[in-house]
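Chemist:
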Amino acid sequence: MVYKRSSELFVEANKVIPGGVNSPVRAFKSVGGTPIFVKSAKGPYLFDEDGNKLIDYINSWGPMILGHAHEPVINAITERAKLGTSFGMPTELETKIAELAVSMVPNIDKIRFVNSGTEACMSAIRLARGYTKRDKIIKFAGCYHGHSDSFLIQAGSGAITFGSPNSPGVTEGTAKDTLLANYNDIENVKALFEANKNEIAAIIIEPVAGNMGCIPPKAGFLNALRELCDADGTMLIFDEVMTGFRLAKGGAQELYNVKADIVCFGKVIGGGLPVGAFAAKKEIMDYLAPIGPVYQAGTLSGNPLAMAAGYEMLKELNSDKDIYKRLEEKTAYLYEGIHKVLSDKEIDFTINRVGSMISVHFDKNEVYDFETAKKGDNDSFKKFFHGLVKEGVYIAPSAYETWFITDALSYEDLDFTINAINKVVSNL
Ligand code: PMP
26 MVYKRSSELF VEANKVIPGG VNSPVRAFKS VGGTPIFVKS AKGPYLFDED GNKLIDYINS
86 WGPMILGHAH EPVINAITER AKLGTSFGMP TELETKIAEL AVSMVPNIDK IRFVNSGTEA
146 CMSAIRLARG YTKRDKIIKF AGCYHGHSDS FLIQAGSGAI TFGSPNSPGV TEGTAKDTLL
206 ANYNDIENVK ALFEANKNEI AAIIIEPVAG NMGCIPPKAG FLNALRELCD ADGTMLIFDE
266 VMTGFRLAKG GAQELYNVKA DIVCFGKVIG GGLPVGAFAA KKEIMDYLAP IGPVYQAGTL
326 SGNPLAMAAG YEMLKELNSD KDIYKRLEEK TAYLYEGIHK VLSDKEIDFT INRVGSMISV
386 HFDKNEVYDF ETAKKGDNDS FKKFFHGLVK EGVYIAPSAY ETWFITDALS YEDLDFTINA
446 INKVVSNL
């Protein structure tokens with residue numbers, strides 16, 4: 026494959042955009058080489074500026090669960106745009122998507138829309154702190170909750186790749202209120218509670234971690250967090266920016282049958298437009314301005330184009346009875362295929378999967394937290410990544426990312442991918 030045009034565009038971009046990108050992981054820093062500039066996408070495929078076609082396993086990092094340029098979503102956006110693109114005033118559509126989201130997700134009565142997952146998590150933490158009148162939060166090493174200051178303490182995703190998990194610019198005052206725990210380590214969390222009795226406002230967690238590769242919660246782990254929170258008057262916040270409307274209609278709360286106090290959304294809920302949201306029971310959400318004391322706002326929040334895209338996406342996920350079953354089956358098929366290829370080649374690997382989230386780690390030991398995720402062989406990953414691109418398969422350009430399976434993938438696409446992996450790993 027030729028990347029002449031992408032290389033030229035990257036040079037131009039670098040002159041006016043820091044690192045040539047508007048979000049760091051896009052720059053290929055951890056795998057090397059030139060980022061691929063996208064021209065268009067349809068269904069499961071990306072088409073780049075050099076005319077190459079790639080099967081897409083990032084899917085905009087999660088949102089495109091029904092495939093790119095999905096017609097009902099595109100039509101909804103187009104029709105809505107003709108009526109005006111932003112008012113800063115309420116629209117009926119906001120209530121409709123809110124009603125639908127509340128009906129799909131367990132344990133929430135009200136939802137507030139924002140413009141990104143970062144905003145959702147940042148606002149959820151403020152609400153939890155305001156509601157409990159406590160300052161401290163617990164987050165897990167390797168989990169990513171966006172780039173607001175409280176979370177840039179051993180964050181996952183791009184922040185790991187860049188080797189600077191504690192970003193300059195985050196003050197020590199902010200950092201001291203964020204307590205760090207190890208994912209899947211309940212004893213560790215208990216010790217933090219003992220040392221900080223009645224001081225912890227919230228635990229925030231990715232109920233299935235997706236920012237250090239895909240890491241499932243161990244059996245009983247989420248329940249045990251729920252119990253610790255109940256015992257100490259602490260709020261449990263599920264960051265379902267990746268898992269929401271993806272692992273099940275009701276996300277990880279439904280899949281694991283554990284209730285969170287506040288749930289954060291992003292990605293799928295916006296149908297590919299910039300949307301985030303956070304939701305909870307009425308008494309908690311009514312603690313927000315304008316009726317409650319905790320301030321939170323947004324000029325473009327509830328933007329009509331974004332709401333139209335999200336509403337169409339949620340409607341389809343809500344009405345398609347088999348969607349989550351199909352996603353599960355397709356991802357299981359991919360898992361089996363990759364597992365066989367890597368086993369046959371006697372490569373050291375672990376594949377983690379929950380529903381339509383899957384990640385391949387080049388290490389034979391179980392990957393269950395940030396430390397074990399870091400043990401993966403990055404040189405093998407780099408070769409794997411570039412080899413796959415050459416074969417026409419695009420996975421995330423970092424070993425710490427999850428692949429997101431879209432319903433638009435056919436079994437032919439999956440076979441093509443498994444064959445491509447077979448070719449690539451023969452040369453590892
Ligand atoms: N939480 C999680 C679990 C995420 O994966 C992400 C983004 N990958 C965020 C929050 C932040 O979302 P955004 O990039 O939309 O700000």
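Just so we're aligned, residue 26 is where the sequence shown starts under the working numbering, counting upward by one.
For each residue, glycine too, the CB sits at the ideal point set by N, CA and C.
Computed from a prediction, not measured in an experiment: that's the story for all the values here.
1. Quick one: what's got a C-beta closer than 8 Å to Lys-67's C-beta in the same chain, skipping five residues either side?
2. Count the other CB atoms within 10 Å of the CB of Glu-308; is the residue buried (16 or more) or exposed (fewer)?
3. Compute the Euclidean distance between the alpha carbons of Asp-174 and Ala-200, then round it to the nearest angstrom.
4. From the DSSP secondary-structure annotation, give me the bridge partner or partners of Ser-111.
5. Within the continuous beta strand (DSSP E) that includes Ser-65, where are the two ends?
6. Keeping to the same chain, check which residues put their C-beta closer than 7 Å to that of Ala-52; ignore five residues upstream and five downstream.
7. With DSSP as the reference, identify every bridge partner of Met-260, one or two as the case may be.
8. For the pair the stretch 141-151 and the stretch 264-280, tell me if three or more CB-CB distances fall below 8 Å.
9. Flag this pair as touching only if the stretch 105-116 and the stretch 322-340 have three or more C-beta atom pairs under 8 Å; answer yes or no.
10. Return yes when the Cβ of Lys-64 is within less than 7 Å of the Cβ of Tyr-70, no when it is not.
11. Classify Gly-194 as buried or exposed, calling it buried when 16 or more other Cβ atoms lie within 10 Å of its own Cβ.
12. Just how far apart, CA to CA, sit Cys-254 and Asn-213?
13. Taking Gly-245 as the reference, which of Ala-216, Ile-102, Lys-284, Asn-377 has the closest Cα?
14. Measure the C-alpha to C-alpha separation of Thr-103 and Thr-203 and round it to an integer number of angstroms.
15. Do the CB positions of Val-418 and Thr-442 come within less than 7 Å of each other?
16. Looking at Tyr-208 and ligand 1, is the gap between the Cβ and the nearest heavy atom below 6 Å?
17. So, under 8 Å CB-CB, Val-288 and Ala-305 are touching, yes? Tell me the CB distance rounded to an integer number of Å.
18. How long is the line joining the alpha carbons of Thr-356 and Leu-280, rounded to whole angstroms?
19. Just curious, the beta strand (DSSP E) that Arg-105 is in, first and last residue?
20. Please identify the residue among Val-449, Asn-452, Trp-428 whose C-alpha is closest to the C-alpha of Asp-81.
21. Just confirm the distance between the C-beta atoms of Ala-277 and Pro-232, as a whole number of angstroms; I'd bet it's less than 8 Å.
22. Can the beta-carbon of Lys-158 be found less than 7 Å from the beta-carbon of Met-310?
Modeler: Per the coordinate set shown:
1. Excluding positions up to five away in sequence, the list reads Gly-92, His-93, Ala-94.
2. Answer is exposed; the Cβ neighbour count stays below 16.
3. So the two alpha carbons sit approximately 8 Å from each other.
4. For Ser-111, which the question treats as bridged, DSSP gives no partner whatsoever.
5. Where Ser-65 is concerned, the enclosing beta strand (DSSP E) stretches over 63-67.
6. Spatial neighbours of Ala-52 in its own chain (CB-CB distance under 7 Å, excluding positions within 5 residues in sequence) are listed in chain order as Gly-44, Gly-45, Val-46, Pro-60.
7. Beta-bridge analysis with DSSP links Met-260 to Ala-227.
8. The stretch 264-280 and the stretch 141-151 touch, with three or more beta-carbon pairs separated by less than 8 Å.
9. Yes: the two stretches touch, three or more of their Cβ pairs being nearer than 8 Å.
10. Contact: no.
11. The residue is exposed, with fewer than 16 neighbouring Cβ atoms inside 10 Å.
12. Cα-Cα distance, rounded: 14 Å.
13. Of the listed residues, the one whose Cα sits closest to Gly-245 is Lys-284.
14. Computed Cα separation, rounded: 43 Å.
15. Here Val-418 is near Thr-442, since their CB atoms are less than 7 Å apart.
16. No, the Cβ of Tyr-208 stays beyond 6 Å of every heavy atom of ligand 1.
17. That pair is a contact at about 7 Å.
18. Looking at the two C-alpha atoms, the distance is approximately 16 Å.
19. Looking at the DSSP string, Arg-105 is not in any beta strand (DSSP E); the run it does join, the alpha helix (DSSP H), is 96-106.
20. Considering only alpha carbons, the answer is Trp-428.
21. Right, the Cβ-Cβ distance comes to about 3 Å (below 8 Å), so this counts as a contact.
22. Going by C-beta atoms, Lys-158 is not nearer than 7 Å to Met-310.
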